[in-house]
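Engineer: Please read through the structure below; I'll follow up with questions.
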Amino acid sequence: MNKLDKLKLEKVSNYSTDDRNTYKDVDAYIYALSDDNLRVIKRRNSLPARFFRSNPYTFDNIKLYLKNKTIGIELISTEAKNGMEPLEFKCIIHGLFNKSWNEIKNGQFCPQCGRNKGSEARKNLYVDVVSAFKAKNLKLISKEYVNNESDLSYICLKHQDRGIQKITWGNFISQKGCRFCSKENTVKKQTKSNTKFESELFLVHGNKYDMQSQYINSKVKVQVYCTDCLTLFSAKPNHLLNGHMGCSCKSTSLGEDRIRSYLNFKKIKYQQQFRFDDCKNKKPLPFDFAVFSEIDNLIFLIEFNGKQHYKNTGWSSNPLKSDEYYKKQIYNDSIKIDYCKRNNLKLIVIPYWDINKIDNILNNEIEKFDFMQ
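Under the working numbering, the first residue of the sequence shown carries the number 191, and numbering increases by one thereafter.
Pasting the structure below:
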């Protein structure tokens, strides 16, 4: 196998300033490479440069390298011309120091840590370990530091009721610590504020809905009042943000609502939930819209596909039921697509991420047909 193939490069996006594309390899390192670059690298059976040598993602890759090595230092500098130029790093124990990237790769890290190596210091002086724990609001219980793999006992001053916890120095310097603090931080990062949710709700539905309860998370239902049909109802936040309406106004999605408005504005004949008797699973499957000519000939069909057509949205608290629903959705979609192919029927599928492009998509399609026939 060619060396380049082993990297399993995945195209991420187009690079912003030239003809190169951004790629990510199997270890998550990033490159900016043109098609010519790839051909030359493959012909020479070589590898693209992760660091320097015209790789604009050098500093992202250095940070990833340091994180994976868990050596307790982080990159501070933001630019350098080559691997021999001094860069500024920060040691978790001893603070700032300068080393070239070549020195770091060769195992020359924090100078003070290097001086502390030896039998007396045990690689990291005990007093430094105590200070590092204290800086994270942790009280070290262990009376001796042995090595990076040995457990150190400590108490989190915020979670003293949780008792003594243990962690190795290797895990500690890789930004790990009290597991209860970690859980709290994770929940905090994942949970959006009530204000942010209301802003997102407004972007999707405008002034249609007034919140009647506080947003907690994506799975806890919120109470909402509809200013159009004057009803109070409960719905999962993600259901509303995906364009669905939980009130008495309509049972269709926001995408279908926009398609219907477009067809009405253009004065085009259509029928919603259109079925063919022979296009079925157990029962005939509905198409969102069937569009007809002036003399009632079927011209094309339209499907607006929400998130549930592309991934398991967890609509049920039972994971097995959610997975079963998703598989059924995919199967029904495939039946409709195959039916249209076999019968030479035009099917326009609009995914949920194109909800703001519906008018343009339909404009482009409608130009291709004669509605007088």
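Using N, Cα and C, we set each Cβ at its ideal position, and we do this for glycine too.
What you are looking at is a predicted structure, and each value in this text was computed from that prediction instead of being measured.
1. Which value, in whole angstroms, describes the spacing of the CA atoms of Lys201 and Arg532?
2. Thinking C-alpha only, which one of Ser224, His499, Asn546 is nearest Ala203?
3. Would you mind reading off the limits of the beta strand (DSSP E) that contains Ile263?
4. Are there 16 or more other CB atoms within 10 angstroms of the CB of Glu493, so buried, or fewer, so exposed?
5. With 16 other CB atoms within 10 Å as the buried threshold, where does Lys526 fall?
6. Please tell me whether Phe477 and Phe464 are closer than 8 Å, where the distance is taken between their beta carbons.
7. Under 8 Å by Cβ, that's how I've got Phe242 and Asn272 pegged, so tell me the actual separation to the nearest angstrom.
8. Where are the alpha helix (DSSP H) runs, 4 residues long or more, that stay fully inside the region 397-473, in chain order?
9. Which value, in whole angstroms, describes the spacing of the CA atoms of Lys518 and Lys501?
10. Take the Cβ of Phe392 as the centre, count every other Cβ of all protein chains shown within 10 Å, and call the residue buried at 16 or more, exposed below.
11. Just how far apart, CA to CA, sit Ile252 and Leu265?
12. Which value, in whole angstroms, describes the spacing of the CA atoms of Asp318 and Asn292?
13. On the criterion of 16 or more Cβ atoms from any shown chain inside 10 Å, does Glu446 qualify as buried, or is it exposed?
14. Quick one: what's got a C-beta closer than 7 Å to Leu488's C-beta in the same chain, skipping five residues either side?
15. Does the beta carbon of Phe323 come closer than 8 Å to any beta carbon on chain C?
16. For the alpha helix (DSSP H) containing Thr254, name the first residue and the last one.
17. Run through DSSP, which three-state label would Phe394 get?
18. By how many angstroms is the C-alpha of Glu514 removed from the C-alpha of Thr503?
19. Quick one: what's got a C-beta closer than 7 Å to Asp195's C-beta in the same chain, skipping five residues either side?
20. From the DSSP output, in three-state form, read off Asn235 for me.
21. Any idea if Gly262 is buried or exposed, counting beta-carbon neighbours within 10 angstroms, 16 or more meaning buried?
22. Using a 10 Å radius around the Cβ and a threshold of 16 neighbouring Cβ atoms, would you call Val414 buried or exposed?
23. If we count the other Cβ atoms within 10 Å of its Cβ and call it buried at 16 or more, is Lys426 buried or exposed?
24. Would you identify the three-state DSSP class for Leu535, choosing helix, strand or coil?
25. So what's Val320 in DSSP terms, helix, strand or just coil?
26. Say yes only if the C-beta of Lys409 is nearer than 7 Å to one or more non-hydrogen atoms of the ligand MN, and no if none qualify.
27. What does a CB cutoff of less than 6 Å around Asn428 pick up in its chain, not counting 5 residues either side in sequence?
28. Give the range of the alpha helix (DSSP H) segment to which Glu567 is assigned.
29. Looking at the unbroken beta strand (DSSP E) that takes in Asn341, where does it start and where does it end?
30. Are Leu491 and Leu430 touching if we call contact CB-CB under 8 Å?
31. What are the partner residues of Val481, as DSSP defines its beta bridges?
32. Using only the alpha-carbon positions, how far apart do Asn361 and Lys257 sit?
33. Measuring alpha carbon to alpha carbon, tell me which of Ser424, Tyr405, Glu388 ends up nearest Asn397.
34. Judging by CA-CA distance, which residue of Tyr521, Ser451, Tyr452 is the nearest neighbour of Lys472?
35. Of the choices Thr260, Arg229, Leu228, Ala222, whose alpha-carbon is the least far from that of Thr248?
36. In terms of residues, what are the limits of the beta strand (DSSP E) holding Gln355?
Structural biologist: In terms of the structure at hand:
1. 34 Å
2. As written in the sequence, residue 203 is Ser, which differs from the Ala given in the question. Per the Cα distances, Ser224.
3. 263-265
4. Buried, because 16 or more other Cβ atoms sit within 10 Å of the Cβ of Glu493.
5. buried
6. Yes, the Cβ-Cβ distance between Phe477 and Phe464 is below 8 Å.
7. 5 Å
8. Counting whole runs of 4 or more residues, the region 397-473 contains the alpha helix (DSSP H) stretches 427-431, 444-455.
9. Roughly 12 Å between the two C-alpha positions.
10. exposed
11. 8 Å
12. 27 Å
13. buried
14. Ala480, Phe482
15. The displayed structure is made up of one protein chain only, and chain C is not part of it.
16. The question names Thr, but residue 254 is Leu in the sequence shown. Note, Leu254: alpha helix (DSSP H), 248-259.
17. For clarity, residue 394 is Val in the given sequence; the question names Phe instead. Helix at Val394.
18. 11 Å
19. none
20. coil
21. By the neighbour-count criterion, in which 16 or more other beta carbons inside 10 Å mark a residue as buried, Gly262 falls on the buried side.
22. buried
23. buried
24. coil
25. Under the three-state reduction of DSSP output, Val320 falls in the helix class.
26. The model depicted lacks the ligand MN and carries no ligand whatsoever.
27. Ser408
28. Given that the chain is displayed from residue 191 to residue 563, the structure contains no residue 567 and the question cannot be resolved.
29. Note that residue 341 is Asp in the sequence shown here, rather than Asn. Taken as a continuous stretch (DSSP letters only), the beta strand (DSSP E) holding Asp341 covers 341-346.
30. no
31. Tyr460, Phe490
32. 11 Å
33. Here the closest residue by C-alpha is Glu388.
34. Taking only the C-alpha atoms, the option nearest Lys472 is Tyr521.
35. Ala222
36. 354-358
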